[in-house]
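Peer 1:
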Amino acid sequence: MSDTSRRPRKPGKPYRRPQKDPVRVLAFEALRAVDERDAYANLVLPPLLRKAREKEGPEKFDGRDAALATELVYGTLRRQGTYDAVIAACVDRPLREVDPPVLDVLSLGAHQLLGTRIPTHAAVSATVELARVVLGDGRAKFVNAVLRKVAQHDLDGWLERVAPPYDEDPEDHLSVVHSHPRWVVSALWDSLGGGRDGIERLLAADNERPEVTLVARPGRATAEELLAEEAAVPGRWSPYAVRLTEGGEPGAIAAVREGRAGVQDEGSQLVALALANAPLDGPDEKWLDGCAGPGGKAALLAALAAERGATLLASEKQTHRAGLVAKALHGNPGPYQVIAADGTRPPWRPGSFDRVLMDVPCTGLGALRRRPEARWRRRPEDLDGFAPLQRALLRTALESVRVGGVVGYATCSPLLPETRAVVADLLKQFPDAEMIDARPLMPGVPHLGDGPDIQLWPHLHGTDAMYLALIRRTA
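Position 264 (the sequence shown) corresponds to 967 in my numbering; numbering is contiguous.
What follows is the structure in structure tokens.
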């Protein structure tokens, strides 16, 4: 029994039980999981939605319920920095002194008020009712008071009040307006090479909801088969890509359920295709994916290798991720092998492979459309933490490829310390290796820069910000 139920009630004003809104309660639960357990929304939300769809009675979700819950969770996470600045202007204490569950409810309310078309009165009343359910009546009054202040201005009005002028502090202005930590704004700006238009467009693209992109695994499914699905259109660049323009549930598609197709960002597909099509000197029989988890690139590479009579070895350090790789490759038409092994201490002999992909662990700041919470978890010092591992793995890749073979170094981060700096350092240590121009291996893809390496961008290509450098051993 809550403390409010024990309070004396005012005459003529009977206590009213809070009305539980299953959609908002689920959104709140997802945000708490992200905050408390460092979970990722794209892993937490699907099982919660699946469970809600399986319920009976008034709490059973339909498609619109699931869509609203998804928007509330992802919209709140993407705009967290902006909403924090707004909420901070509406409370009488430092934001760090507001209990995290209360702040999650306030952020959900702020998103409904400032980031959706939900009417003001409905956004406030629904969020206050949520607060009564999950926080109690006492803190619900605090939520009500704060949200009424938030509702006094629209988003543009608030940004004029809480964001410093661009001319006075460009990075802080962009940080508040586009909801990215200041250091991330600075690092992305360095990678782009300056200019206000590009960084504004990139930060805005990070806050857009990405389409679901499928890959038809060669020899097992075709793009034409996937295009028969409702609201499916061809990919922009990859011949194996199909986009679901209205979201949709990939698990409802037979080819995906059967493993003949999968969910894979088009940038990830392009990286695998570029390595597979890079010109070689000599045989083309043994391929290696040295950081194969969770298996998307490995599944595409294995299918391409099978078409040529080649074999893929997929290696992943973590045993449970190696299991995901094995699941992704199950049913591949050609021979392959999946092992759990440390890529910095490989069990294979040097010079064993004709093609090697090393998609190294990184900050993941190229996939902020899909994992918006990553921007708030990463710190500048994380770059130093990843650096030794990234260099060690690229060293393994260069030692593992034979003379005349090709290595693909890839990251899902556009930050220079994780991309060009790593490649430049290793090329100094391997004078018998040289970069080759990767741009011709992504035919039809514009805005690939001066080369020889490639950086994809959400605002230019509609993909994650994948980086690729192709390196050939020459002696």
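The beta carbon of each residue, even a glycine, is placed where N, CA and C say it ideally should be.
Quick one: what does DSSP say V1063 is sitting in, helix, strand or coil?
Peer 2: Taking the sequence shown and counting its residues from 1, the one referred to as residue 1063 is at position 360. Of the three classes helix, strand and coil, the one that applies to V1063 here is coil, per DSSP.
Peer 1: If we ignore side chains and look at the alpha-carbon of each, how far apart do H1033 and V974 end up?
Peer 2: Working through the sequence shown from its first residue, we reach residue 1033 at position 330. Working through the sequence shown from its first residue, we reach residue 974 at position 271. Near 22 angstroms, if we compare the C-alpha coordinates of V974 and H1033.
Peer 1: What does the alpha-carbon distance come out to for the pair S705 and G839?
Peer 2: On the sequence shown, position 2 is the one that residue 705 refers to. On the sequence shown, position 136 is the one that residue 839 refers to. Confidence in S705 is poor, its pLDDT being 40 and thus under 50, which makes the residue's placement too unreliable to answer from.
Peer 1: Could you say which of E933, R963, R904 and P942 lies nearest to G922 if we only look at CA atoms?
Peer 2: For the purposes of this step, residue 922 is taken as the residue at position 219 of the sequence shown. Out of E933, R963, R904 and P942, R963 has the C-alpha closest to the C-alpha of G922.
Peer 1: Are A1001 and V966 touching if we call contact CB-CB under 9 angstroms?
Peer 2: As a position in the sequence shown, residue 1001 is number 298, starting the count at 1. As a position in the sequence shown, residue 966 is number 263, starting the count at 1. Cβ distance not < 9 angstroms, so A1001 and V966 don't count as in contact.
Peer 1: Does the beta-carbon of Q855 have 16 or more other beta-carbons within 10 angstroms, so that it is buried, or is it exposed?
Peer 2: Within the sequence shown, numbered from 1, the residue matching residue 855 stands at position 152. Exposed, because fewer than 16 other Cβ atoms sit within 10 Å of the Cβ of Q855.
Peer 1: From the DSSP output, read off the bridge partner residues of R1175.
Peer 2: Start at 1 with the first residue of the sequence shown, and residue 1175 comes out as number 472. Answer is V1109 and E1137.
Peer 1: Roughly how many whole angstroms lie between the Cα atoms of P867 and S1103?
Peer 2: As a first step, residue 867 is located in the sequence shown; it is residue number 164 there, counting from the start. As a first step, residue 1103 is located in the sequence shown; it is residue number 400 there, counting from the start. Near 51 angstroms, if we compare the C-alpha coordinates of S1103 and P867.
Peer 1: Looking at R920 and L1003, is the spacing between their C-beta atoms short of 9 angstroms?
Peer 2: Working through the sequence shown from its first residue, we reach residue 1003 at position 300. Working through the sequence shown from its first residue, we reach residue 920 at position 217. In contact: L1003 and R920 (Cβ atoms closer than 9 angstroms).
Peer 1: DSSP state of Q722, grouped into three classes?
Peer 2: Here residue 722 refers to the residue found at position 19 when the sequence shown is read from its first residue. Reduced to three states, the DSSP call for Q722 is coil.
Peer 1: Rounded to whole angstroms, what is the Cα-Cα separation between E874 and H881?
Peer 2: Counted from its first residue, the sequence shown places residue 874 at position 171. Counted from its first residue, the sequence shown places residue 881 at position 178. Whole-angstrom Cα-Cα distance: 10 angstroms.
Peer 1: If you pair each beta-carbon of the region 898–909 with each one of the region 823–839, do three or more pairs fall below 8 angstroms?
Peer 2: Judged by Cβ distances under 8 angstroms, the region 898–909 makes no contact with the region 823–839, as fewer than three pairs qualify.
Peer 1: Anyone know if the C-beta pair for Q1093 and T1114 falls short of 9 angstroms?
Peer 2: By one-based count along the sequence shown, residue 1093 stands at place 390. By one-based count along the sequence shown, residue 1114 stands at place 411. Result yes, Cβ atoms of Q1093 and T1114 sit closer than 9 angstroms.
Peer 1: Which two residues bound the contiguous beta strand (DSSP E) that contains I1042?
Peer 2: One-based indexing of the sequence shown puts residue 1042 at position 339. Per DSSP, I1042 belongs to the beta strand (DSSP E) from Y1039 to A1043.
Peer 1: Below 7 angstroms CB to CB, which residues in the same chain sit around V918 once its five sequence neighbours on both sides are set aside?
Peer 2: Against the sequence shown, residue 918 aligns to sequence position 215. Counting only Cβ-Cβ distances below 7 angstroms, and skipping sequence neighbours, we find Y943, A944, A964, G965, Q967, Q972 and L1003.
Peer 1: Output yes or no for whether 9 angstroms exceeds the beta carbon distance between V747 and A733.
Peer 2: For this step, residue 747 is matched to residue 44 along the sequence shown. For this step, residue 733 is matched to residue 30 along the sequence shown. Yes; because the gap between Cβ atoms is below 9 angstroms, this pair is in contact.
Peer 1: At which residue ranges does the region 804–865 contain complete alpha helix (DSSP H) runs of 4 or more residues, listed in the order of the chain?
Peer 2: Segments of the alpha helix (DSSP H) lying fully in the region 804–865: 823–837, 840–853 and 858–865.
Peer 1: Confirm, please, whether the CB-CB distance from L1171 to A1141 is below 9 angstroms.
Peer 2: Against the sequence shown, residue 1141 aligns to sequence position 438. Against the sequence shown, residue 1171 aligns to sequence position 468. It is a contact, given that the beta carbons lie within the stated cut-off.
Peer 1: Tell me which residues share the same chain as R1024 and place their Cβ nearer than 7 angstroms to its Cβ, disregarding the 5 neighbours each side in the sequence.
Peer 2: Position 321 of the sequence shown, counted from the start, is the residue given in the question as residue 1024. The residues are G996 and P997.
Peer 1: Give the secondary structure of D765 by DSSP, where H, G and I count as helix, E and B as strand, and everything else as coil.
Peer 2: In the sequence shown, counting from the first residue as 1, residue 765 sits at position 62. Correct three-state label for D765: coil.
Peer 1: Given a threshold of 16 other Cβ atoms within 10 Å of its Cβ, counted over all protein chains shown, does E1076 qualify as buried or as exposed?
Peer 2: Locating residue 1076 in the sequence shown gives position 373, where the first residue counts as 1. Result: buried.
Peer 1: Mapping DSSP to helix, strand and coil, what is E1102?
Peer 2: What you label residue 1102 is simply residue 399 of the sequence shown in a count that begins at 1. Helix, per DSSP.
Peer 1: Closest to L816 by CA distance: which of W861, V1125 and T1022 is it?
Peer 2: The count along the sequence shown starts at 1 and reaches residue 816 at position 113. Comparing Cα-Cα distances from L816 to each of W861, V1125 and T1022, the minimum goes to W861.
Peer 1: Using DSSP with H/G/I as helix, E/B as strand and the rest coil, what is Q967?
Peer 2: Here residue 967 is taken as the residue at index 264 of the sequence shown, counted from 1. Residue state, collapsed to three classes: coil.
Peer 1: Going by DSSP in three states, Q1021 sits in which element: helix, strand or coil?
Peer 2: For the purposes of this step, residue 1021 is taken as the residue at position 318 of the sequence shown. In this structure, Q1021 counts as coil in the three-state DSSP scheme.
Peer 1: Using the DSSP secondary-structure output, state which residues sit across from K758 in a beta bridge.
Peer 2: For the purposes of this step, residue 758 is taken as the residue at position 55 of the sequence shown. Bridge partners of K758: none, in fact.
Peer 1: Report the partner residues of F1056 according to the DSSP bridge assignment.
Peer 2: To locate residue 1056, count along the sequence shown from 1; it is residue 353. The partner list for F1056 (beta bridge, DSSP) reads V1104.
Peer 1: On the DSSP letters alone, give me the boundaries of the beta strand (DSSP E) that R946 sits inside.
Peer 2: As a working note, residue 946 is residue 243 in the sequence shown. Unbroken beta strand (DSSP E) run through R946: A944 to L947.
Peer 1: Taking C-beta to C-beta, are F1056 and G1107 nearer than 9 angstroms?
Peer 2: The residue you call residue 1056 lines up with position 353 of the sequence shown. The residue you call residue 1107 lines up with position 404 of the sequence shown. Not in contact: F1056 and G1107 (Cβ atoms no closer than 9 angstroms).
Peer 1: What does the alpha-carbon distance come out to for the pair Q1158 and A1168?
Peer 2: Within the sequence shown, numbered from 1, the residue matching residue 1158 stands at position 455. Within the sequence shown, numbered from 1, the residue matching residue 1168 stands at position 465. Roughly 7 angstroms between the two C-alpha positions.
Peer 1: Cβ atoms of I1174 and A1136: under 9 angstroms apart, would you say?
Peer 2: The count along the sequence shown starts at 1 and reaches residue 1136 at position 433. The count along the sequence shown starts at 1 and reaches residue 1174 at position 471. In this structure, I1174 lies closer than 9 angstroms to A1136 by Cβ.
Peer 1: Would you give the residue range spanned by the alpha helix (DSSP H) that A1186 belongs to?
Peer 2: Residue 1186 lies beyond the stretch modelled for the chain, which goes from 704 to 1178, so this question has no answer here.
Peer 1: Shortest alpha-carbon distance to E988 belongs to which of T948, R1058 and R720?
Peer 2: Position 285 of the sequence shown holds residue 988. E988 has its Cα closest to that of R1058, out of T948, R1058 and R720.
Peer 1: Using a Cβ-Cβ distance cut-off of 9 angstroms, determine whether R1080 contacts chain D.
Peer 2: In the structure shown, chain D cannot be found, because there is only a single protein chain.
Peer 1: State the start and end residues of the unbroken alpha helix (DSSP H) segment that holds D992.
Peer 2: Here residue 992 refers to the residue found at position 289 of the sequence shown. No alpha helix (DSSP H) contains D992, which is instead part of the beta strand (DSSP E) from K989 to D992.
Peer 1: Roughly how many angstroms separate the alpha carbons of L1129 and K758, rounded to a whole number?
Peer 2: Walking along the sequence shown from the start, residue 1129 turns up at place 426. Walking along the sequence shown from the start, residue 758 turns up at place 55. Answer to the nearest angstrom: the Cα atoms are 55 angstroms apart.
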